[in-house]
Structure formats: structure tokens, C-alpha cells
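Undergrad: Protein chains in written order, with our numbering: chain A, 3 to 114; chain B, 62 to 177. For each residue, glycine too, the CB sits at the ideal point set by N, CA and C. First the structure, which I've put down as C-alpha cells, then a few questions once you've had a look.
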């Protein structure tokens with residue numbers, strides 16, 4: 003079945019440093035979504051990317067979808083303590099309908 | 062902002078017992094989902110539901126699991142005979158349209174199921 007892996011699994015950064023998480027799917031994706039889960043919370047939707055090579059920005063967050071639509075990245079510039087949480091990519095396989103598969107997640111810790 | 066609500070927030074049950082987890086999706090949403098998350102691990106897809114029937118399910122969703130939309134608002138997940146490995150956080154989610162059309166998943170706060 004489809005597998006979606008993320009690296010790194012954990013990342014500790016000093017407040018103000020940048021952070022990047024990478025997402026790789028074993029199959030081509032129709033689209034990819036990104037979610038953030040705060041400690042003890044539920045996943046919260048951040049963004050969806052659909053087009054090959056697409057780049058979207060939300061304030062300090064930059065999301066990218068690979069040309070082959072099998073990988074994606076999330077980059078946070080100048081991290082803040084409010085960025086703490088686990089970031090999940092979630093991919094819908096080509097030809098899939100509702101079976102969105104979550105990646106393994108990257109847990110971000112920001113040291114003030 | 063409309064929310065997905067789940068009850069109970071925590072359910073403790075003995076191995077072999079049946080449990081029903083309840084969810085009220087966002088009212089104008091058409092697609093409903095159950096995911097689960099074992100502590101500290103990834104969010105795993107269980108099942109999606111549309112137009113009063115299962116549209117997709119994972120290999121985790123075996124004969125011990127069933128879903129139902131008994132009325133116009135509730136969406137339930139039943140586990141017939143719980144096992145220790147069913148202990149996890151169960152998240153209900155809903156979306157306005159199929160996720161292929163830029164329709165995000167809206168998650169509830171989850172039900173933590175503990176099987177003893």
C-alpha cells in the first residue's frame with residue numbers, strides 16, 4: 003500500500019532558527035495537504051497543494067510540491083515557540099477518492 | 062466556526078467488550094472519516110463514508126469495526142470485541158467535498174480509548 007515518510011522524525015531548534023520537514027510518498031499523489039498537531043491536540047489543516055512544482059506561502063511558512071508529485075516540503079523561517087507541534091503531510095494518491103494517508107510526522111521543539 | 066464534536070473524550074473498556082465512539086460532523090459536510098493515532102505515532106486512516114455507505118477502508122478496518130450514520134447528525138464507530146492493541150486516540154473528521162477538490166479534513170478533539 004501507499005507509504006508516506008517524513009524526515010526528520012524530531013527536530014529541536016533554537017527560537018529564531020529555520021526549520022524544514024521533508025515528505026516522500028511511495029506513489030504519485032493527486033494532491034498533498036499539511037496539518038499541524040499541537041501536543042495533546044488534533045490535526046489542524048494548514049494548506050493543500052495540487053499542481054506539480056507548486057509553492058505556497060503562509061506568513062513564515064513555505065510549502066512546496068515536487069515536480070513528480072511524490073514529495074513535498076514545509077519550511078518555517080525564524081521559528082517561534084508557537085510553532086511547537088508535530089507537522090504531518092497527508093497525501094491523496096492519484097485515482098484515490100477519500101483515503102488521505104498521513105505521513106509519519108516531524109515533531110518540532112523550539113527552545114526559547 | 063463550526064466544529065466536529067466527539068464523545069466521550071475518554072473511554073476505558075475491558076478487552077472483549079464492545080465500544081461505540083460517537084461523532085457529530087460539521088452540519089453541511091458530506092464526507093466522514095475515522096482515523097486513529099496510537100500514542101506518539103502517525104495518524105492512520107480507518108474508513109471514509111459518503112452517501113450512507115463506506116467509500117474506502119484500510120486493512121486495519123476489519124470485521125470487528127463498523128460505522129453507521131444512524132440519523133442526520135451522528136456518525137459512529139463501533140468496535141465489537143476490543144483488543145489491547147485497539148488502545149489509541151480515535152479521531153473523527155469531516156469534509157465538505159471529496160479531498161480531491163481542495164477540501165480539508167476537519168478533525169474533532171478525539172476519543173482516547175483505553176482497553177484493559
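Would you report the Cα separation of residue 54 of chain A and residue 74 of chain A, rounded to the nearest angstrom?
TA: About 10 Å.
Undergrad: Measuring alpha carbon to alpha carbon, tell me which of B:174, B:152 and B:115 ends up nearest residue 103 of chain B.
TA: When each option's Cα is compared against that of residue 103 of chain B, the closest is B:152.
Undergrad: What is the residue span of the beta strand (DSSP E) that residue 2 of chain A lies within?
TA: Past the boundaries of the shown model lies residue 2 of chain A; chain A is included only from 3 to 114, so the question cannot be answered.
Undergrad: What residue from B:145, B:169 and B:146 has the CA that sits closest to residue 83 of chain B's CA?
TA: Taking only the C-alpha atoms, the option nearest residue 83 of chain B is B:169.
Undergrad: Chain B partners of residue 47 of chain A, CB-CB under 8 Å?
TA: Result: 165, 166 and 167.
Undergrad: Which residues does DSSP list as the beta-bridge partners of residue 87 of chain A?
TA: Residue 87 of chain A pairs with A:110.
Undergrad: With distances taken between CB atoms, is the gap from residue 126 of chain B to residue 100 of chain B smaller than 8 Å?
TA: No, the pair does not count as a contact, with Cβ atoms beyond the cut-off.
Undergrad: In angstroms with no decimal places, state the Cα-to-Cα distance between residue 181 of chain B and residue 171 of chain B.
TA: Missing from the structure shown is residue 181 of chain B; chain B here goes from 62 to 177 and no further.
Undergrad: Here's the rule: buried if 16 or more other CB atoms are within 10 angstroms of the residue's CB, otherwise exposed. What is residue 140 of chain B?
TA: So residue 140 of chain B ends up on the buried side.
Undergrad: In whole angstroms, what separates the C-alpha of residue 176 of chain B from that of residue 100 of chain A?
TA: Rounded to whole angstroms, residue 176 of chain B to residue 100 of chain A spans 29 Å at the Cα level.
Undergrad: If I follow the unbroken beta strand (DSSP E) through residue 53 of chain A, where does it start and stop?
TA: Unbroken run through residue 53 of chain A: none, as it is neither H nor E.
Undergrad: Please state if the CB of residue 72 of chain B and the CB of residue 174 of chain B are separated by a distance shorter than 8 Å.
TA: Closer than 8 Å, so yes.
Undergrad: With 8 Å as the threshold, decide whether the Cβ of residue 170 of chain B is near any Cβ in chain A.
TA: Interface residue, yes.
Undergrad: For residue 158 of chain B, which residues of its own chain have a beta-carbon under 8 Å away from its beta-carbon, when the five flanking residues on both sides are left out?
TA: The residues are 91, 92 and 164.
Undergrad: For chain B, is any of its Cβ atoms less than 8 Å away from the one on residue 89 of chain A?
TA: Not one chain B Cβ lies under 8 Å of residue 89 of chain A.
Undergrad: Of the residues that make up the segment 126-158 of chain B, which ones have a beta carbon closer than 7 Å to any beta carbon in chain A?
TA: Going along the segment 126-158 of chain B in chain order, one finds 152 with a Cβ nearer than 7 Å to chain A.
Undergrad: To the nearest whole angstrom, what separates the beta carbons of residue 4 of chain A and residue 27 of chain A, a pair I think is in contact under 8 Å?
TA: Correct: roughly 7 Å between the Cβ atoms.
Undergrad: Roughly how many whole angstroms lie between the Cα atoms of residue 29 of chain A and residue 72 of chain A?
TA: Distance between the alpha carbons of residue 29 of chain A and residue 72 of chain A: 6 Å.
Undergrad: What does residue 55 of chain A reach in chain B if we use C-beta pairs closer than 9 Å?
TA: Chain B residues near residue 55 of chain A: none, gap ~17 Å exceeds 9 Å.
Undergrad: Run through chain A and tell me which residues come within less than 8 Å of residue 109 of chain B, C-beta to C-beta.
TA: In chain order: 99, 100 and 101.
Undergrad: The beta strand (DSSP E) that contains residue 157 of chain B, what's its start and end?
TA: Neither: residue 157 of chain B is in no beta strand (DSSP E) and is coded neither H nor E.
Undergrad: Less than 8 Å separating the beta-carbons of residue 80 of chain B and residue 66 of chain B?
TA: It is not a contact, given that the beta carbons lie outside the stated cut-off.
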